[in-house]
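Quick look at the structure:
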């Protein structure tokens, strides 16, 4: 992998991981457009680590208080502070964790087809637009329940299908449940931390147990650029959220589906 390819894919991963436009879909489609070889599991690990560090650092105060209150609630057997939110994040991670373990081979081999990504890009983009268009979205983080966590977690599991978008699916589910844009987005971003950690651990095991030679220069470039781009994307997404809503991303997904159909199908 040359420097430009590593830089471009790192930027792409960082930008698309937290925007509702599908990072996995872009990382599959862009090499197909440019006829690049598969970037390999080592590079995938680097960009996952970069985006994980970005969301942890950006929400560091939330992460600290949620972790502290969750552990205190567990040790004292009563809910303290944000202990509820800690458990909701655990509950929301379980569906995707189980689905990933059960369907990993199918996801990696059968569901990476261009036709699948065309339909997921288009359909889930339209669902995001519908969810954002509906009124009565004012629920805050304090109103979350375990049922909300389960339903958003199931949406996250569904997002294992390439082209769906993890953030897009979870934000869509949150909006349909009546959460405000900011609450749905923040819960989605916090929910990214445990699932990206699990994904990174799986990829780390793959690298450690295989004979693949890691391109450390590409690893570094991809990790650093994905980190910088991801933390910037989170900041501006939340800053502009109430001004622009979700429709710019909906329109982008519709346009991208058109390009997929015209060029790759």
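Residue numbers (the numbering used here): 43 to 307.
C-beta atoms are modelled at their ideal positions from N, C-alpha and C, and glycine is treated no differently.
What you are looking at is a predicted structure, and each value in this text was computed from that prediction instead of being measured.
Cβ distance (whole Å) where residue 226 is taken to contact residue 216 below 8 angstroms: For the purposes of this step, residue 226 is identified with residue 184 of the chain shown, where counting begins at 1. For the purposes of this step, residue 216 is identified with residue 174 of the chain shown, where counting begins at 1. About 3 angstroms; that satisfies the 8 angstroms criterion.
Assign residue 181 to one of three DSSP states: helix, strand, or coil. Position 139 of the chain shown holds residue 181. Reduced to three states, the DSSP call for residue 181 is strand.
Can you tell me whether residue 219 is helix, strand or coil according to DSSP? Here residue 219 refers to the residue found at position 177 of the chain shown. Residue state, collapsed to three classes: coil.
For residue 50, name the three-state secondary structure that DSSP assigns. As a first step, residue 50 is located in the chain shown; it is residue number 8 there, counting from the start. The answer is helix: DSSP assigns residue 50 an H, G or I state.
Extent of the continuous alpha helix (DSSP H) to which residue 305 belongs: Indexing the chain shown from 1 puts residue 305 at position 263. It is not in any alpha helix (DSSP H) - residue 305 carries neither H nor E in the DSSP assignment.
What are the complete alpha helix (DSSP H) segments, minimum 4 residues, inside the stretch 96-159? 102-118 and 125-151
Start-to-end residues for the alpha helix (DSSP H) that takes in residue 267: Residue 267 sits at position 225 when you count from the first residue of the chain shown. Element bounds for residue 267: 258-286.
Between the alpha carbons of residue 220 and residue 76, how many angstroms are there, rounded? In the chain shown, residue 220 corresponds to position 178, counting from 1. In the chain shown, residue 76 corresponds to position 34, counting from 1. If you take the alpha carbons of residue 220 and residue 76, they lie about 41 angstroms apart.
Quick test of your reading: residue 201 and residue 59, contact by CB under 8 angstroms. State the CB separation rounded to the nearest angstrom. To locate residue 201, count along the chain shown from 1; it is residue 159. To locate residue 59, count along the chain shown from 1; it is residue 17. Contact doesn't hold; Cβ gap of about 12 angstroms is too wide.
Buried or exposed by the 16-neighbour rule on C-beta atoms within 10 Å, applied to residue 138: On the chain shown, position 96 is the one that residue 138 refers to. Under this definition residue 138 is a buried residue.
Cβ pair residue 241, residue 90 closer than 8 angstroms: Reading the chain shown from its first residue, position 199 is the one you call residue 241. Reading the chain shown from its first residue, position 48 is the one you call residue 90. Contact flag set, yes.
Does the beta-carbon of residue 125, which I'm using as the reference point, lie nearer than 7 angstroms to any heavy atom of the ligand ZN? In the structure shown, the ligand ZN is absent, as is every other ligand, since no ligand is present at all.
Closest by CA to residue 146, which one among 181, 245 and 288? Taking the chain shown and counting its residues from 1, the one referred to as residue 146 is at position 104. Among 181, 245 and 288, the Cα nearest to that of residue 146 belongs to 245.
Please state the DSSP three-state secondary structure of residue 58. Mapped onto the chain shown, residue 58 falls at position 16. Reduced to three states, the DSSP call for residue 58 is helix.
Under 8 angstroms, with one C-beta from each stretch per pair, do the stretch 282-297 and the stretch 166-180 reach the 3-pair mark? yes
How close, in whole Å, do the beta carbons of residue 157 and residue 288 come, if the pair is a contact with beta carbons under 8 angstroms? Taking the first residue of the chain shown as position 1, residue 157 is located at position 115. Taking the first residue of the chain shown as position 1, residue 288 is located at position 246. At roughly 25 angstroms, the Cβ-Cβ gap does not stay under 8 angstroms, so residue 157 and residue 288 are not in contact.
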